[in-house]
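Counting from 219, one number per residue, gives the positions in the first sequence under the working numbering.
Have a look at the structure below before the remarks.
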Amino acid sequence: MVKPSIPKGTRDFAPTEMIRRNYIFDTIKAVFKKHAFLPIETPSMENLSTLMGKYGEEGDRLLFKVLNSGDFKQGVDFENLTSNQLTSKICEKGLRYDLTVPFARYVVQHQAEISFPFKRYQMQPVWRADRPQKGRYREFYQCDVDVIGSTSLLNEAELMQITDEIFTSFGIPVVIKINNRKILSGIAEVVGEADKLTDICTAIDKLDKIGKEKVCEELKERGLSCEAIGKMDPFFCFCGSNEEKLAQLDKVFANSEIGLKGLSEIRQMLAYAAQMDIKAEIELDITLARGLNYYTGAIFEVKAQNVSIGSISGGGRYDDLTGIFGLKNMSGVGISYGAERIYDVLNELNLFPTNIDSPIKALFINFGEKEELYALKGLQALRQAGIASELYPEKAKIGKQMTYANAKAVPFVIMAGADEIAENVYTLKDMNSGEQRKLNIAEIREIIAATL
RNA sequence: GCGAUUGUAGCUCAGUUGGUUAGAGUACCGGAUUGUGGUUCCGUGGGUCGUCGGUUCGAAUCCGACCUGUCGCCCCA
């Protein structure tokens, strides 16, 4: 006997969980569609050459690699190769790590068929060989929207609007944090460490988590001069409204062209957003850096208020993701919503709508051969009215059938034995109140339909 | 990849310095009750004590490795 189990960091989803997950996907998808985005899907596996080197050293380690089919041993020197070298000999495929890189590959490969700007959405699982923790899995879903082939900041603004609409639908209060890589470049330039941009980004990103002192320590470890770290001090304590922060940055960036460009982009985004009736708070946070190093412009991160769960969404603009696949001048901007994080937030805040938990509205009790034929007629009438309903497939004891209805949270049970058949009616039982009445099927249909 | 911690019935957990045949609650199934569930009572079944190895006369209990879950670090949705 094999003990049933699934790989580390993966999960089964029970019907009750799937109903809630589908609610999340459906809600997000509805907003994407309304904003004129089109769906695509890409394969679970990509060639490793597509994936490797796009996510930094750490990312390469977290890629799941797929062993070659056939005799992968042939002609490979197992003795004298390091694990990494061996991997490249015996694996040429890997599971996708995110949806953005496969999207870039898709765009280049299908550029002739696509009309740009291309607005696509994609909701599929991704895999990371990470160590599982709370809210972190090895297989999880991302819901991505991207606009590629347009540099307009209208796109950034639209992504903020989409974010706002999605989380308004969920009833989750959020803060949309924004920043711009050009501002971070400006900071690096101003403190005289322009070539250390990546190190500055990874360190500064942790400010709210580990505090200013530890960030300075890390910057030191990463090779920044004490002088430069001292100059960064003012950037750690920007406060006030977005306008106030921008005004302060204007002064600091007086001699940094790229820094000023970042500021003007933020201003333009905010100006567009102001026309879009966005309810969520939009906060300029210059310590927001995000690990992925392909971002070149705007950066987004969405945090739910009043919960301890980390970011539930993140994204940004990338100017040259398609370059490595041979297509230049194809700037894009996108954002990704983490389905399982949103699930946890909805759960914690008790925000799942209660009406989705009873997908089956009525159960016909099976009394036997003759009675089930009569029940089938009623069942048909309800289904034609779009009411999800079923007939218990066996003549089991009534108590057992009732327990079944209870376990599935079915709100109505319908019974018909010899008496009901003679009168051409059905007994409708409301499982919440326990009340039951003899009615004809049209009346039953109306009563159930009224609860939908 | 590094560190800490966890694992006993489908689920939640007892189990004495290592000592007979490993228990309870709950769920399931059957009955009390052949047209009534979410509240009763009785009964049946269900365990390679995570896996493999070691110490011992004897291991659920002690030791090691691995696997799984959880929590930090790294990184990230």
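Think of the CB as a built atom: it goes at the ideal place given N, C-alpha and C, for glycine as much as any other residue.
Hey, Asp468 and Leu488: beta-carbon distance below 8 Å or not? No Cβ-Cβ contact shorter than 8 Å links Asp468 with Leu488.
Is the beta carbon of Leu285 closer than 8 Å to that of Cys309? yes
Quick one: Cα of Ile553 to Cα of Lys613, how far? 53 Å
With DSSP as the reference, label Pro257 as helix, strand or coil. For Pro257, the secondary structure class from DSSP, reduced to helix, strand or coil, is strand.
From the DSSP output, in three-state form, read off Ile632 for me. strand
Beta-ladder partner(s) of Asn398, from DSSP: Asn398 is bridged to Ala516.
Span separating the alpha-carbon of Gln619 from that of Ala498: 48 Å
C-alpha gap between Asp575 and Asn624, whole angstroms: 12 Å
Determine the burial state of Cys444: buried for a count of at least 16 other Cβ atoms within 10 Å of its Cβ, exposed for fewer. Under this definition Cys444 is an exposed residue.
Per DSSP, what are the beta-bridge partners of Gly550 in this structure? Ile366 and Tyr536
Beta strand (DSSP E) containing Phe582: first to last residue? Taken as a continuous stretch (DSSP letters only), the beta strand (DSSP E) holding Phe582 covers Ala580 to Phe582.
Could you pull the start and end residues of the beta strand (DSSP E) that Gly312 belongs to? For Gly312, the enclosing beta strand (DSSP E) covers residues Cys309 to Leu313.
Runs of 3 residues minimum, wholly inside the region 413-473: which ones carry the beta strand (DSSP E) assignment? none
Roughly how many angstroms lie between the CA atoms of Ile447 and Ala406, to the nearest whole one? The alpha-carbon of Ile447 is positioned some 10 Å away from that of Ala406.
Contact the region 539-557 vs the region 354-370: 3+ CB pairs below 8 Å: yes
Going by DSSP, which residues form a beta bridge with Met263? Leu313
Please report the distance separating the alpha-carbon of Val631 from that of Tyr644. 10 Å
Could you pull the start and end residues of the beta strand (DSSP E) that Pro350 belongs to? Per DSSP, Pro350 belongs to no beta strand (DSSP E) and is neither H nor E.
Alpha carbons only, please: which of Val392, Glu590 and Tyr324 is nearest the one belonging to Ala528? Position check: residue 528 holds Gly in this sequence, whereas Ala was assumed. With distances taken between Cα atoms, Gly528 lies closest to Val392.
Consult DSSP for Met341 and reduce its assignment to one of helix, strand or coil. strand
Report the CB separation of Leu313 from Phe282 in whole angstroms; it is logged as a contact under 8 Å. With a Cβ gap of about 4 Å, Leu313 and Phe282 count as contacting.
If you follow the beta strand (DSSP E) that Ser607 is in, where does it begin and where does it stop? Ser607 to Leu609
Just tell me which of Thr669, Lys579, Val551 and Phe243 has its CA closest to the CA of Pro343. Phe243
Terminal residues of the continuous alpha helix (DSSP H) containing Tyr644? It is not in any alpha helix (DSSP H) - Tyr644 instead sits in the beta strand (DSSP E) that spans Tyr644 to Asp648.
Assign Cys455 to buried or exposed, taking buried as 16 or more other Cβ atoms, counted over all protein chains shown, within 10 Å of its Cβ. exposed
Host alpha helix (DSSP H) of Lys595 (start-end): Glu587 to Gln602
Taking the alpha helix (DSSP H) that Val326 falls in, what are its first and last residues? Thr318 to Gln327
When DSSP labels each residue in this structure, what does Glu331 get in the three-state scheme? coil
I'd like the list of long-range same chain contacts for Phe570, defined as Cβ closer than 8 Å, with 5 residues on each side in sequence excluded. Arg238, Tyr241 and Leu564
Could you check whether Leu502 and Ile677 sit closer than 8 Å to each other, using their CB atoms as the reference points? Residue 677 falls outside the range modelled here, since the chain spans only 219 to 670, and no answer is possible.
In DSSP terms, what Phe290 is bridged to: Bridge partners of Phe290: none, in fact.
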